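*Asks:* Before anything else, here's the structure in question.
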Ligand code: OOB
């Protein structure tokens, strides 16, 4: 098949860059896109699983039927405020019962939630409010010692189109979300091929971008994920990562669990103190974490009295899980581990329950869909030899064709034939499983050698005195390039010295040019809003330490 380099299709008024018509038709014919909206899906699930418990959040316990009815009432209430099809609504809620109700209420109206994370602040929210042209902003009153009503005042001052601020909890000067409630009525079903929601890009560089996801593609994302992860009516899924993130929302997360009649438990945070009692009380079977949280869970499991023996699968994704940590999970937490390499832009890779343990420990899974098209290319865009590392490009039935209102970014983030350039450096095994080697640009330029930060981190973390490590390049005082700085969270009272660490790596057979030149100790690594290591913040911290 020779792809013809054509101009990518122009975005629709909704901001969606559509798939080519023939491709869209094929995704429909093979059943990936089933033509149902997210709002219609909830109606079907309520018909099928009516009195089963769908959502547990604090004191809220909603059956499928109750969730369906509440979504209808809130949709009517939102419509009474003048919010309708195509309107964007900025949503910034923690994991509470209001989230699923609002999510489906907006879907029923054809209004489009832009899903921001509780950790976002004025820089991100102001930018996303302007970019989306949102007419409403939905917040909690307070969460994690932060008052979102004050943030709302600052955002409103910057974003003139923002007419409504709706507050879960004490509304202060704004409108209580609980009052957004009216007699249910039916609204015209939105076009399943159009935008259902906007996800925020997880990139650790630059300002966040908005990712349009359609009813068709997101429904498929959730349903296929539920299948690949063997979810069933018996599944009790604990959402402890922020529910606005793609991973707990639909990979398979909340939507995947609801699609098979399971139960979703929302935890206010991933801290063991919040999550463990819920696992015990609700007999949770599945949950998802980012790798930096897993050692905390393993520590807590040693002393926390809660019984977490119901847990069957821990999904780990969002950043690289080391093989060593993967191997310790079954004994330490009494469950199996599943690696998930995904992105808000679309493509998902899962290890499967029938993969052998070493494949689960060593790889980040294989693509979800038979129609995920992967290309692994070198710096010139040419396919690498099988098994070699290169940049992962992808297109498929749930991978975006363009960011929302971002023509300049789109010109470089996509190939002319519609592949998304992920920036991830991967290698693919003959089995189809991928190994993530790092980011294409997360390299340290040391004496003319390009060193993968991720590779250094893997070796350093293997040292018994190292709990976590992030490798970053710092300016070389003696020359043009960079030196390798290993920023280390010690395991125990002290980190290894730079000499000890270098000796340890040499012992492992690591090339001399990859050895850290410097070790910095920190109590904790700075994390992004979802809990990945924040290298931008780390570089700032090192520059401050160096008095630059
Ligand atoms: C998930 O989504 P995002 O959008 O927050 O971040 C995507 C990026 C990927 O491009 C990759 O660089 C990194 O996060 N990543 C991983 C990884 N999973 C994601 N890097 C190494 N190993 C992994 N397992 O993070 C996300 C979305 C859906 C499901 C799971 C994670």
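Residue numbers (full-length UniProt numbering): 1 to 548. Here a beta-carbon is modelled for each residue, glycine too, at the ideal position from N, C-alpha and C. The model shown is predicted, which means the values in this text are computed figures rather than measured ones.
Please say whether residue 526 and residue 491 have beta carbons closer to each other than 8 angstroms?
*Replies:* no
*Asks:* I'd like to check one pair, residue 237 with residue 287: are the Cβ atoms closer than 8 angstroms?
*Replies:* yes
*Asks:* Compute the minimum distance between the beta carbon of residue 344 and the heavy atoms of the ligand OOB, and state whether it is under 7 angstroms.
*Replies:* Within the cutoff, so yes.
*Asks:* Could you compute how far the alpha carbon of residue 142 sits from the alpha carbon of residue 483?
*Replies:* A direct Cα-Cα distance of roughly 43 angstroms separates residue 142 from residue 483.
*Asks:* Taking C-alpha atoms, which residue in 147, 126, 171 and 184 lies nearest to residue 162?
*Replies:* Scanning 147, 126, 171 and 184 for the CA closest to the CA of residue 162 turns up 126.
*Asks:* Can you check DSSP and say which residues form a bridge with residue 424?
*Replies:* In the DSSP assignment, the residues bridged to residue 424 are 439.
*Asks:* For the alpha helix (DSSP H) holding residue 275, just list the boundary residues, first then last.
*Replies:* 272 to 282
*Asks:* For residue 104, does the count of other Cβ atoms within 10 angstroms reach 16, so buried, or fall short, so exposed?
*Replies:* buried
*Asks:* Is DSSP giving residue 410 helix, strand or coil here?
*Replies:* DSSP places residue 410 in helix when its eight states are reduced to three.
*Asks:* Within 8 angstroms, do at least three Cβ pairs link the segment 505 to 512 to the segment 470 to 485?
*Replies:* Taking 8 angstroms as the limit for Cβ pairs, the verdict is that the segment 505 to 512 does not touch the segment 470 to 485.
*Asks:* Would the beta-carbon of residue 355 be found less than 7 angstroms away from any heavy atom of the ligand OOB?
*Replies:* no
*Asks:* Identify the residues that DSSP records as bridge partners of residue 286: which are they?
*Replies:* 237 and 313
*Asks:* Are the CB atoms of residue 226 and residue 200 nearer to each other than 8 angstroms?
*Replies:* no
*Asks:* Please specify which runs of the beta strand (DSSP E), each continuous and at least 3 residues long, are wholly inside the segment 310 to 396, giving them in chain order.
*Replies:* 313 to 317, 336 to 343, 346 to 350, 373 to 377 and 390 to 395
*Asks:* Excluding the five sequence neighbours on either side, which residues of its own chain have a C-beta within less than 7 angstroms of the C-beta of residue 279, listed in chain order?
*Replies:* 238, 306, 308, 310 and 311
*Asks:* Go ahead and label residue 30 buried or exposed: buried means 16 or more other beta carbons lie within 10 angstroms of its beta carbon, across all protein chains shown.
*Replies:* With fewer than 16 other Cβ atoms within 10 Å, it is exposed.
*Asks:* Which of the three DSSP states is assigned to residue 553 in this structure?
*Replies:* Outside the displayed range of the chain (1 to 548) lies residue 553, so it cannot be described from this structure.
*Asks:* Relative to the C-alpha of residue 63, which residue among 35, 101 and 90 is closest?
*Replies:* 101
*Asks:* Starting from residue 473, trace the alpha helix (DSSP H) both ways and give me its first and last residue.
*Replies:* No alpha helix (DSSP H) holds residue 473; the beta strand (DSSP E) holding it covers 466 to 475.
*Asks:* I need the straight-line Cα distance from residue 332 to residue 298, nearest angstrom please.
*Replies:* 6 angstroms
*Asks:* If you follow the beta strand (DSSP E) that residue 490 is in, where does it begin and where does it stop?
*Replies:* 482 to 490
*Asks:* DSSP has residue 214 in a bridge; who is on the other side?
*Replies:* 195
*Asks:* Below 6 angstroms CB to CB, which residues in the same chain sit around residue 92 once its five sequence neighbours on both sides are set aside?
*Replies:* 116 and 139
*Asks:* Any heavy atom of the ligand OOB closer than 7 angstroms to the beta-carbon of residue 339?
*Replies:* yes
*Asks:* If distances are taken between C-alpha atoms only, which option among 362, 343, 344 and 346 comes closest to residue 352?
*Replies:* 362
*Asks:* If residue 27 and residue 211 are in contact, beta carbons under 8 angstroms, what's the gap, nearest whole angstrom?
*Replies:* So it is not a contact: roughly 18 angstroms between Cβ atoms.
*Asks:* For residue 222 and residue 542, what's the separation of their Cα atoms in angstroms?
*Replies:* Cα to Cα, residue 222 sits roughly 40 angstroms from residue 542.
*Asks:* For the ligand OOB, is there any heavy atom lying closer than 7 angstroms to the beta carbon of residue 439?
*Replies:* Checking every heavy atom of the ligand OOB against the Cβ of residue 439, one is found closer than 7 angstroms.
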